[in-house]
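Following: one structure in structure tokens, then a few remarks.
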Ligand code: UGA
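Put into structure tokens, the structure is as follows:
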């Protein structure tokens with residue numbers, strides 16, 4: 192690559208920022224990753240990833256070895272170093288409402304704007320309510336000694352946890368939200384290696400770029416809740432949602448992805464994004480346009496309650512004193528993230544009804560323990576299921592899919608299982624003497 196490549200900073204080194212910084216260095220750019228959390232920066236600089244993400248540690252090592260990536264807590268250094276600054280800080284749900292908490296985003300943009308003294312591009316990647324980029328543009332141009340010379344763009348990120356590196360290097364599409372040709376050119380230079388692979392680019396205004404991200408996550412959440420609403424209909428009618436989902440998925444116009452029925456969605460993105468979107472729509476006076484997202488949320492939460500119902504039914508109607516093996520705590524497999532995890536929520540509800548719950552997750556036990564220390568945490572699958580009255584599968588890790596029903600059966604007190612993720616072979620379990628129940632499927 193040419194030596195006059197733009198130098199890149201990445202502000203915020205969570206899932207998104209750490210992955211983005213590593214991938215930009217792998218693409219040949221000089222990159223500085225910045226975070227206010229010095230323990231995170233120390234870990235990254237020493238080649239360790241502060242969270243579980245398959246493949247990322249190897250890529251971090253490669254990027255550090257190349258000499259093109261380093262980390263710092265110093266925003267002055269970032270302002271002096273970068274030509275293009277990617278802001279990747281979190282936008283969690285506010286404590287007291289459904290709105291997104293924008294304090295970290297605001298602080299990052301304002302902090303850079305105060306310090307930057309030559310023409311540069313600030314690029315937002317965080318998921319934000321529509322209108323944020325326009326507001327930030329006036330904020331930074333008011334603060335900055337450069338005034339309108341300091342430009343802002345929005346470049347939403349669509350990576351999934353568990354596939355972060357692949358999704359960053361080979362995205363389905365790139366979205367460049369820009370207000371000038373100069374800003375578009377900067378983004379085109381930075382993403383050139385990805386564009387050269389044939390990745391489609393949508394060049395849009397700032398508001399559309401912000402909206403693409405929120406609309407995409409809302410669509411995915413809606414698709415999941417749609418099939419889970421059908422699971423409720425199946426439960427009332429004796430139909431089988433598994434067969435229904437397969438039949439629907441064979442229609443190309445519908446497709447099978449994100450149509451998997453079960454315990455529903457969680458994590459740090461989908462739940463808070465649909466809530467923040469509704470909140471923003473209310474503020475804009477168009478609440479009705481996305482009020483259905485309230486239903487999407489409710490359907491999703493009801494699946495957790497229904498899972499507890501199934502465990503209680505298998506236990507004979509009362510959970511107090513019942514030994515439950517809860518398989519999984521992370522919000523999905525290949526992640527140690529327990530933010531808004533349906534699995535942990537179900538474990539919590541079982542515990543509150545008096546069950547003795549033994550949780551085992553191949554990666555997320557430590558994070559789960561921090562959030563919910565009152566549960567018992569087992570070090571292995573066999574320790575978790577030992578003497579269980581009911582087993583409930585909550586996160587579909589491969590280890591659980593691969594488990595042999597007879598071997599598990601030899602450990603439990605009763606062969607009773609609730610498959611909260613439609614991940615197991617129901618016929619095989621039943622053949623081997625298990626009482627098998629799954630959401631939306633006949634008993
Ligand atoms: C999601 C989006 O998929 C990414 O495109 C987006 O970039 C990211 O949010 C974000 O906003 O940062 P992620 O939260 O990593 O990614 O997880 P997903 O793979 O989307 O899964 C979300 C939840 O839906 C999980 O709890 C999963 O178990 C559940 N799910 C998924 C289902 O219940 N059924 C399905 O068919 C698919």
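Numbering (my numbering), first residue to last: 192 to 634.
Ideal Cβ placement from N, Cα and C applies to all residues, glycine included.
Just so you know, these numbers come straight off a predicted model, no measurement behind them.
- Inclusion of residue 452 and residue 433 in the CB contact set at 8 Å is warranted, their separation being smaller than that value.
- Residue 381 and residue 197 have their C-alpha atoms roughly 7 Å apart.
- Between residue 523 and residue 353, the C-beta spacing is below 8 Å.
- For residue 496, the enclosing alpha helix (DSSP H) starts and ends at 483-505.
- The region 465-472 makes no contact with the region 530-541; the number of CB pairs closer than 8 Å stays below 3.
- Between the alpha carbons of residue 612 and residue 586 lies a gap of roughly 7 Å.
- Fewer than three pairs of CB atoms, one per stretch, sit closer than 8 Å, so the region 331-341 makes no contact with the region 418-429.
- Within its own chain, the residues whose Cβ lies closer than 7 Å to the Cβ of residue 257, once the five positions on either side in sequence are excluded, are 216, listed in chain order.
- Of all C-beta pairs linking the region 577-594 to the region 524-531, three or more are shorter than 8 Å, placing the two stretches in contact.
- Under the three-state reduction of DSSP, residue 479 is assigned to helix.
- Ranking 327, 225, 254 by CA distance to the CA of residue 264 puts 225 first.
- Taking all protein chains in view, the Cβ of residue 570 is surrounded by fewer than 16 other Cβ atoms within 10 Å, so the residue is classified as exposed.
- Relative to the ligand UGA, residue 453 has its C-beta within less than 7 Å of a heavy atom.
- The beta-carbon distance between residue 344 and residue 314, rounded to whole angstroms, is 5 Å. This is short enough to meet the 8 Å contact definition.
- Each residue's CA atom was taken as its position, placing residue 319 and residue 219 some 29 Å apart.
- Counting only the Cα atoms, residue 520 lies some 28 Å from residue 347.
- In the DSSP assignment, residue 313 falls within the unbroken beta strand (DSSP E) covering 312-315.
- With 16 or more neighbouring CB atoms inside 10 Å of its own CB, residue 497 falls in the buried class.
- Judged by beta-carbon spacing, residue 515 lies within the 8 Å limit of residue 546, meaning their Cβ atoms are closer than that value.
- Taking 8 Å as the cut-off, the Cβ atoms of residue 278 and residue 304 do not count as close.
- In this structure, the alpha-carbon of residue 460 lies about 27 Å from that of residue 260.
- Using a Cβ-Cβ distance cut-off of 8 Å, the region 501-513 and the region 428-442 are not in contact, since fewer than three pairs of beta carbons, one from each stretch, lie closer than that value.
- Residue 428 is classed as exposed because its beta carbon has fewer than 16 other beta carbons within 10 Å across all chains shown.
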